[in-house]
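First the structure, in the form of structure tokens, and then the observations on it.
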Amino acid sequence: MKQLYDEISNQTASIITKKYSTSFSMAVRLLDRSIRQDVYNIYGFVRVADEIVDSFDGYPQEDVLNRFEEELWTSLKIGISANPVIHAFLNTIRKYDISIALVKAFMKSMRADISKKIYKNKEEIDEYIYGSADVVGLMCLKIFVKGDQSRYRQLEASAIKLGSAFQKVNFLRDLRQDFEELDRTYFPNIDPRNFKDSDKELIIEEIENDFKIAKEGVLKLPKESRLGVYLAYKYYSHLLKKIVHTPAKVLKENRIRVSTPKKISILLQSYLRHKLNLV
Numbered sequence: 001m002k003q004l005y006d007e008i009s010n011q012t013a014s015i016i017t018k019k020y021s022t023s024f025s026m027a028v029r030l031l032d033r034s035i036r037q038d039v040y041n042i043y044g045f046v047r048v049a050d051e052i053v054d055s056f057d058g059y060p061q062e063d064v065l066n067r068f069e070e071e072l073w074t075s076l077k078i079g080i081s082a083n084p085v086i087h088a089f090l091n092t093i094r095k096y097d098i099s100i101a102l103v104k105a106f107m108k109s110m111r112a113d114i115s116k117k118i119y120k121n122k123e124e125i126d127e128y129i130y131g132s133a134d135v136v137g138l139m140c141l142k143i144f145v146k147g148d149q150s151r152y153r154q155l156e157a158s159a160i161k162l163g164s165a166f167q168k169v170n171f172l173r174d175l176r177q178d179f180e181e182l183d184r185t186y187f188p189n190i191d192p193r194n195f196k197d198s199d200k201e202l203i204i205e206e207i208e209n210d211f212k213i214a215k216e217g218v219l220k221l222p223k224e225s226r227l228g229v230y231l232a233y234k235y236y237s238h239l240l241k242k243i244v245h246t247p248a249k250v251l252k253e254n255r256i257r258v259s260t261p262k263k264i265s266i267l268l269q270s271y272l273r274h275k276l277n278l279v
């Protein structure tokens with residue numbers, strides 16, 4: 001009977017991924033079937049935690065997060081959870097021996113989204129990005145290398161840079177929403193109300209450096225995961241390109257998006273390059 005519960009838990013994580021992020025779920029579909037479900041399980045868990053701190057406005061968010069985290073740690077001790085999302089995540093954590101330190105760093109950043117509204121310096125925001133994005137990439141990397149520690153260490157730095165680049169692009173894309181709706185300012189020493197082109201250029205330079213290092217690692221990933229991660233990289237690279245060509249005064253008022261036709265174009269181009277062994 002537990003096998004049926006495992007299947008339902010996996011399906012729950014998959015549905016959450018597909019409903020919340022069409023772009024990410026598109027990339028996951030390009031992963032080899034042998035690792036696809038485990039990535040869904042990672043994303044399903046982090047998505048629910050993120051929704052608690054971002055979308056449960058008007059509810060006791062800290063209490064909900066406390067109960068969610070308590071269930072997580074309890075399930076890690078006893079080996080099962082009545083929460084399907086946590087149960088699916090738990091199975092993947094145990095399967096690939098993913099470090100609990102990564103999970104703790106993630107939960108710390110989620111808790112910061114409730115209590116911390118302004119990041120005063122680079123050290124503070126780097127710690128937040130590590131917990132909210134980099135560790136998610138590292139969890140996925142554990143899956144991609146299938147437990148090969150030597151390969152994991154080889155690709156660890158580039159995985160961190162890719163997570164950082166993705167998160168910083170998200171910060172730029174969601175600048176207005178984060179400030180006006182969530183009362184958060186992620187970029188140190190930058191006032192979203194007076195966001196200038198010079199501010200944007202400094203951030204973009206940092207993201208481009210992250211992407212440069214990240215790409216080297218993407219191209220060294222095992223074949224089973226390379227295309228899916230490459231697609232995510234190309235999608236975010238295009239989103240950054242749109243942000244580059246968007247004036248700061250527009251960026252602080254509007255959320256920049258990639259159109260569905262362009263997403264399909266990026267998908268087809270990435271797939272073709274993969275088939276031609278160019279990726």
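The numbering of the sequence shown is my numbering, which starts it at 1 and goes up by one.
Quick reminder that beta carbons are idealized off the backbone N, C-alpha and C, glycines included.
A quick note: this is a predicted structure, and the numbers were derived from the prediction, not measured.
Handout entry: Rounded separation between H238 and V258 - CA only
Key = Counted from its first residue, the sequence shown places residue 238 at position 238. Counted from its first residue, the sequence shown places residue 258 at position 258. Going from the Cα of H238 to the Cα of V258 covers about 8 Å.
Handout entry: the stretch 12-21 contacting the stretch 44-51, beta-carbon criterion three pairs below 8 Å
Key = yes
Practice task
Please decide whether L72 counts as near chain C, where near means a Cβ-Cβ distance under 8 Å.
Solution key: No chain C appears in the structure shown, which is made up of a single protein chain.
Exercise for the section: Return the CA-CA distance between H245 and R255, expressed in angstroms with no decimal places. Expected result: Start at 1 with the first residue of the sequence shown, and residue 245 comes out as number 245. Start at 1 with the first residue of the sequence shown, and residue 255 comes out as number 255. Each residue's Cα considered, the two are about 13 Å apart.
Problem - Within 8 Å, strictly: CB atoms of L240 and I207 - result: Stepping through the sequence shown from its first residue, residue 240 is reached at position 240. Stepping through the sequence shown from its first residue, residue 207 is reached at position 207. Yes, they are a contact pair.
Problem - Spatially closest choice to R280 from M139, M110 and I52, by CA coordinates - result: Here the chain covers residues 1 to 279 and nothing more, so residue 280 does not appear.
Practice task
Look at the Cβ atom of K280, then the Cβ atom of A214, and state whether they are nearer than 8 Å.
Solution key: Residue coverage of the chain in this structure runs from 1 to 279, which leaves residue 280 outside it and unanswerable.
Problem - Residue range of the alpha helix (DSSP H) that includes L76 - result: On the sequence shown, residue 76 is found 76 positions in, with the first residue counted as 1. Q61 to I78 is the extent of the alpha helix (DSSP H) around L76.
Exercise for the section: Could you tell me whether the stretch 95-107 touches the stretch 135-150, where touching means 3 or more Cβ pairs closer than 8 Å? Expected result: yes
Practice task
Classify I118 as helix, strand or coil using the three-state DSSP reduction.
Solution key: Taking the sequence shown and counting its residues from 1, the one referred to as residue 118 is at position 118. Of the three classes helix, strand and coil, the one that applies to I118 here is strand, per DSSP.
Handout entry: Whole-angstrom distance between R193 and H274, CA atom to CA atom
Key = Here residue 274 corresponds to residue number 274 of the sequence shown, with the count starting at 1. Here residue 193 corresponds to residue number 193 of the sequence shown, with the count starting at 1. For H274 and R193, the distance between alpha carbons rounds to 43 Å.
Practice task
For the stretch 115-135 and the stretch 72-91, state whether three or more C-beta atom pairs, one from each stretch, are separated by less than 8 Å.
Solution key: no
Handout entry: Sub-8 Å separation of F106 and V135 beta-carbons
Key = One-based indexing of the sequence shown puts residue 106 at position 106. One-based indexing of the sequence shown puts residue 135 at position 135. Cβ atoms of F106 and V135: closer than 8 Å.
Practice task
Whole angstroms is fine: what's the gap from G137's alpha carbon to K77's?
Solution key: By 1-based counting over the sequence shown, the position of residue 137 is 137. By 1-based counting over the sequence shown, the position of residue 77 is 77. Roughly 24 Å between the two C-alpha positions.
Exercise for the section: Report the rounded CA-to-CA distance for V279 versus R151, giving the unit in angstroms. Expected result: Position 279 of the sequence shown, counted from the start, is the residue given in the question as residue 279. Position 151 of the sequence shown, counted from the start, is the residue given in the question as residue 151. For V279 and R151, the distance between alpha carbons rounds to 18 Å.
Handout entry: Validate contact between the stretch 53-63 and the stretch 106-115 using beta carbons, cut 8 Å, 3 pairs
Key = yes
Handout entry: Sequence-distant residues of the same chain with beta carbon closer than 7 Å to Y128, five excluded per side
Key = If you number the sequence shown from 1, residue 128 lands on position 128. Around Y128: S109, A112 and Y119.
Handout entry: Candidates S25, D6 and K242: closest to S81 by CA position
Key = Here the question's residue 81 lines up with position 81 in the sequence shown. That would be D6, whose Cα lies nearest to the Cα of S81.
Problem - For T185, the residue or residues it bridges with in DSSP - result: Locating residue 185 in the sequence shown gives position 185, counting from the first residue. Paired residues: I118.
Handout entry: Selection from Q177, L31, G131 and S265 that minimises the alpha carbon distance to I143
Key = In the sequence shown, counting from the first residue as 1, residue 143 sits at position 143. Cα-wise, what sits closest to I143 is L31.
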